[in-house]
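These notes concern the structure reproduced below.
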Amino acid sequence: MILDLYNYWVVIFLMMSGFYTLIASNHLIKKIVGLNIFQSSVFMLYISMGKVAGGTAPIAAEGIDTYSNPLPHVLILTAIVVGIATTSLALALVIRIKESYDTVQENEILELDRISDEETQA
Amino acid sequence: MINEHLPALQVVVPLLAAPICFLILNNRLSWLFASLVSWLCFAMAILLVMEVKDGAVLHYEFGGWAPPWGIEYSVDVLNAYVLLIVSGIAAVVFPYSWTSIQKEIPESHHRIYFTAMMLCLAGLLGMTITGDAFNLFVLLEISSLSSYTLISLGRDRRALTASFQYLIMGTIGATFILIGVGLLYALTGTLNMADLASKIPALEGSRTLQAAFAFLVVGFGLKLAMFPLHLWLPNAYAFAPSAVSAFIGSTATKVAIYALLRFLYTVFGADFSFNFMQVQWLLMPLAVASILFASMVAMFQDGIKRLLAYSSVAQIGYMLLGISLVNITGLTGTLLHLFNHALMKGGLFLTLGAIAYRVGDTRVKSIAGLGQAMPFTMGAFVVGALSLIGVPLTVGFISKWYLILATLEKGYWPLTVLIIISSLMAVVYTWRIIETAYFQERPANAPEVKEAPLSLLIPAWTLIAANLYFGINSRLSTDLATGAAKMLFGGSLL
Amino acid sequence: MNFIIDALSWACLMLGCFLGISGAIGIFRFDEFYSRAHAASVTDTLCVLFIISGLVLQSGFNLVTVKMIFIVVLLWLTSPVASHALIRSAYQTGLKPKLAITRKESSKRTQS
Amino acid sequence: MSAINLLIDIVLLTMLVFTTIAIVRSRSLFAIVMLSGIYSLLSANIFVVLDAVDVAFTEAAVGAGISTVLMLATIGITGYEQKKRRSISRITPLIVVFITGAVLVYGTLDMPAFTNPSNPVHEHVAPRFIEQSPTEVGIPNMVTSVLASYRGYDTMGEVIVVFAALIGVLSLLGIREKKTDPVYTEPPPRPILQVMAKFMIPFIILFALYVQFHGDFGPGGGFQAGVIFSVAIILYTLTFSQQDAMDLVPPWVLKRLAALGVLIYGGTGVVSLLKGGNFLDYNVLAHDPIHGQHYGILIIEFGVGLTVACVMILIFFAFISRGDKNP
């Protein structure tokens, strides 16, 4: 049982650490790092599914008859690209936030937002 | 020949129009091109609806590879219906954009705006039409990335924070969906929705299947702003440029609801979702909470856009309520509300855009006296507000009527009362606006305000008129919604 | 013959590992940026050479060997330059090397 | 899985766990960013152990390369230090994380066993890819066949996602040309780095081309090639100056090319449509289906490479042109 599933469990631990960093940290860049870890661990979950005992990389070659499953690899290639796209957009937003708020701490930003909200109400 | 490729063209045309929009250097040409493409999409959606409205299902295999090996698009009544909503709203919002963004977005960004809108449209259409679970994720990300961009175009700096928050929540949602799809894949070895649906019944009781279900529901819940995961929505709608609020506010959450329905009914099957997982008992309290809470908050908002955003959260509550009733009437109500809410919120946001164009501001107090200064704009707003409340002869009434029927059918009369109470709350929050506009004098020092230009009024009135038309002659929308609801329940009526 | 190649290759691998580990220990034990960077960069190049020659001996001569030799060349070119760039920018941002540190001072620093 | 693979897998996973714990606990942003690069590199190693060479390649180039560079550029603007936060409750996030983790662990209990060849994943769709793609599509790298042909539409979506990210970054940051800036001064020359960069850049570009065109036979393809190509330009920008790089590859050209790459991909689909096949059906591109597949994959991989390279360079330009200092 442990040997059957250990890989998934470690990956879940990593995933949850990333998820925790993402939702608990106060610094926007650290959040993005958390997001990256969260996503990379999901990628590992997929790739773990594709592994076949005794298999090799799915590139057809003479004298090999067991290959690992290529489909998860394809999916994750796409997902990695989506990940970097999201990361770069998020970082660009962080730069703009820094320029307009002069801080990248979430609590300070929310505080400033609350103040502007009150000003609009007044 | 074209007909046969219609499902693919529906998405590929806007998808490829986006880079072309970016390559056209002239802003006006870029806008004309984008508007044309949006009309073309609408026309294609109409053709698709014609083809499938009698229950036919169209399939399209990308690359000529048969599913489950290749990616498949499949169009049935439900997809076509949602396609019609999304492309219809786009066909109105794109022409509207030109005048609206002149004052809200710097000129250097106009081309980027049209490109991003085009990408967003393509992503939403693709999410609706695809028959492949992973392809859904990819298209979801296309539409999400472009909507983050669009929201961040807002003038206020809070647009940036709103966009960032949406990005974080949206990406968590997308990753949850990815996990859910991954677990399903691990169990079945396939990604095609129809294929998944044929393999899942054999797995009932598998704990992995339950986890996949949970992740998909939460993931789509984040995307559709299900209470209490709605926190990203109010600011995102409030600070985005008006045309963007109108487009995203009336399409993005609808498509997410569609995707949830698709997974609940088609992929997992109604039996698994509602009999085994009993998801309705999760959705119902959340729906009730979101209707009450969001309507309550909306009553105390001073920014009209944020008020409408909270009202959207409440309306999403109605849609979830319809799903949680698990009968055909309720589901019809949900589907009708998808259509009707898109019409009313689209119309209201477009009207607000016209106000923002003339007044430069959309706070409740800054519209004082506009009833006289901008009679056509405010007239449109009043009709939209009536529709939001659910007054007979407007579309709002039709969907609420179905929901009330569904609650009575089930005998859940407290829910009937809830729907009526929340309609009264809608009266309260819209009345504040109408009162300020018609019964308060415009402040003496305020600058003179003219009626909004026709290029804004015509699109806004188009949607508002649709509110009335489909409120009076609701055959088209009800037929489609009933057909889709019946199809979702299939033979297995609960 | 096989035995000799095997032994040679294992010797290379062991030596490479030793150098790598000593570099890592250096990074942890030295107390100042420049000596740490020194420890890491100097051992790095030789460690790579030994490990890869060990692997080359194992694999025999084929396409993989050529690729591995490429890797050695590449790392020998880039790794010192990378260390240079790192140290240079550290120096330019104002981190001053602490040259003559007496044993007494250094033990004081570790205590504090 | 053989014992040695198992061992390597476990060691790498342990290292990943330590890296993650360090990231969660660390306060220094610089360390966090570098650790996240290390995390990516370690996960790339795991991917190699798990036979996903293409994925490992991409993860190493993207996760450890590009995204670390972008993050460093960002913290160069926002500052390295994380302020001490006031005591905000961490209970809620912990509860959320525990529940999510618990659901996942619960879900894995019925997961098919790791590496077992009779899992449904290996029995339903994949066998066709493994057994028939070398004859149906005609190239040995199955990942490329699936990526470019069977699921070519996903890959088109992926290119569009990259393009969407470009649109977003351009909208948010824009690219400022330093030349027009009055206070701009040329950075001082850095002879050692510049000589080295001049020597390396041709090889990097050569390698990018190899990866681009050898992707049918070995790991690699348009995406990886694009990233590697962009790395050559990034290296040039870092060792020389941003202005030099922008003179070499002007942003306006890159913007056109990025859009063109998407259109090349989509255009291939449209051509196959006009030739009577389905969208992205390469069989109809030539008289012989296998040749058609070859042409199709070659062209779309080129489109992918073009878009990705241009987008990565542009995003990098946008990030560094925002900072006050030169890199």
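Protein chains in written order, with numbering that gives the first Met the number 0: chain A, 0 to 121; chain B, 0 to 493; chain C, 0 to 111; chain D, 0 to 326.
No residue lacks a Cβ here, since even glycine has one placed at the ideal position from N, Cα and C.
The structure presented is a predicted model; accordingly, all values stated were derived computationally and were not measured.
Identity of the residues DSSP links to residue i by a beta bridge
i: H26 (chain A); result: A:Q104
i: T129 (chain B); result: B:Y72
i: N140 (chain D); result: A:I58
i: Y66 (chain A); result: A:T55
i: R362 (chain B); result: B:G302
i: N191 (chain B); result: B:D131
i: E118 (chain A); result: Answer by DSSP bridge pairing: none, since E118 (chain A) is not bridged.
i: E60 (chain B); result: B:E71
Chain D within 7 Å of residue i, Cβ atoms only
i: L166 (chain B); result: no
i: R206 (chain B); result: yes
i: A185 (chain B); result: yes
i: A6 (chain C); result: no
i: I108 (chain A); result: no
i: A84 (chain C); result: yes
i: P67 (chain B); result: yes
i: F37 (chain A); result: no
i: E106 (chain B); result: no
i: V41 (chain A); result: no
Which listed residue (the options) has its alpha carbon closest to that of residue i
i: G551 (chain B); options: B:M486, B:V390, B:V278; result: The structure shown does not extend to residue 551 (chain B), since chain B is modelled only from 0 to 493, so the question has no answer here.
i: M343 (chain B); options: B:D194, B:Y468, B:Q279, B:Q9; result: B:Y468
i: A255 (chain B); options: B:T481, B:L221, B:V74, B:F61; result: B:L221
i: E434 (chain B); options: B:S162, B:M377, B:W412; result: B:M377
i: G266 (chain D); options: B:L159, B:L5, B:L14, B:M318; result: B:L14
i: T73 (chain D); options: D:F29, D:Y105, D:I90; result: D:F29
i: F267 (chain B); options: B:V180, B:V296, B:G321, B:K253; result: B:V180
i: W9 (chain C); options: C:S52, C:M0, C:S40, C:R87; result: C:S52
i: M16 (chain B); options: D:M199, D:Y264, D:V303; result: Before going on, a small fix: residue 16 (chain B) reads as Ala here, not Met. If we check each option's Cα against that of A16 (chain B), D:Y264 comes out closest.
i: E103 (chain B); options: B:V296, B:I403, B:I457, B:P240; result: B:P240
i: S39 (chain A); options: A:D116, A:N68, A:L13, A:E118; result: A:L13
i: Y182 (chain A); options: D:A101, D:P139, D:Y294, D:Q292; result: Given that chain A is displayed from residue 0 to residue 121, the structure contains no residue 182 (chain A) and the question cannot be resolved.
i: L282 (chain B); options: B:V217, B:L335, B:A297; result: B:V217
Proximal residues to residue i (C-beta, below 7 Å), its chain only, five neighbours per side dropped
i: I227 (chain D); result: A60, I203, F206, A207, V210
i: L327 (chain D); result: Residue 327 (chain D) is absent from the structure shown; chain D starts at 0 and stops at 326.
i: L492 (chain B); result: Only weak support is given to the placement of L492 (chain B): the predicted model assigns it a pLDDT of 40, under 50, and the value that follows is read from those uncertain coordinates. Contacts found: none.
i: L215 (chain B); result: I176, G179, F262
i: I65 (chain D); result: V226, M311
Any C-beta of chain B under 7 Å from that of residue i
i: L171 (chain D); result: yes
i: R175 (chain D); result: no
i: Y45 (chain A); result: yes
i: A164 (chain D); result: yes
i: D101 (chain A); result: no
i: D3 (chain A); result: no
Within-7 Å CB hit, residue i to chain F
i: V80 (chain C); result: The structure shown contains no chain F; its protein chains are A, B, C and D.
Proximity test, residue i beta-carbon vs the ligand NAP heavy atom, cut-off 6 Å
i: A39 (chain C); result: Inclusion of the ligand NAP in the displayed structure is not the case, the ligand content being empty and no account of it being possible.
CB contact check: residue i to chain A, cutoff 7 Å
i: D153 (chain D); result: yes
i: I178 (chain B); result: yes
i: P119 (chain D); result: no
i: G181 (chain B); result: yes
Spatial neighbours of residue i in its chain, beta-carbon cut-off 6 Å, leaving aside the 5 residues before and after
i: A44 (chain B); result: L82, L83, S86
i: G345 (chain B); result: I88, A245, S249, L462
i: V54 (chain D); result: F46
i: L324 (chain B); result: A405, K409
i: I290 (chain B); result: A313, G316, S421
i: N234 (chain B); result: A161
Residue-level contact to chain C via CB, residue i, 7 Å cutoff
i: L192 (chain D); result: yes
Close Cβ partners of residue i (< 8 Å) along its chain, the five nearest in sequence each way excluded
i: S294 (chain B); result: Y309, S310, A313, S421, M424, A425, Y428
Residues within the segment 90-111 of chain D neighbouring chain B, beta-carbon criterion of under 8 Å
V102, L103, Y105, G106, T107, L108, D109, M110, P111
Can you list, in chain order, the residues of the segment 25-39 of chain C whose Cβ is nearer than 8 Å to any Cβ on chain D?
none
Selection of the segment 73-96 of chain A by Cβ proximity to chain B, strictly under 8 Å:
Along the segment 73-96 of chain A, the positions whose C-beta sits under 8 Å from a C-beta of chain B are L74, T77, A78, V81, A84, T85, L88, A89, L92, V93, R95, I96, read in chain order.
Residues of the segment 50-70 of chain D in Cβ contact with chain A at a cutoff of 7 Å, in chain order, please.
D50, A51, V52, D53, V54, T57, E58, V61, G62, I65, S66, L69, M70
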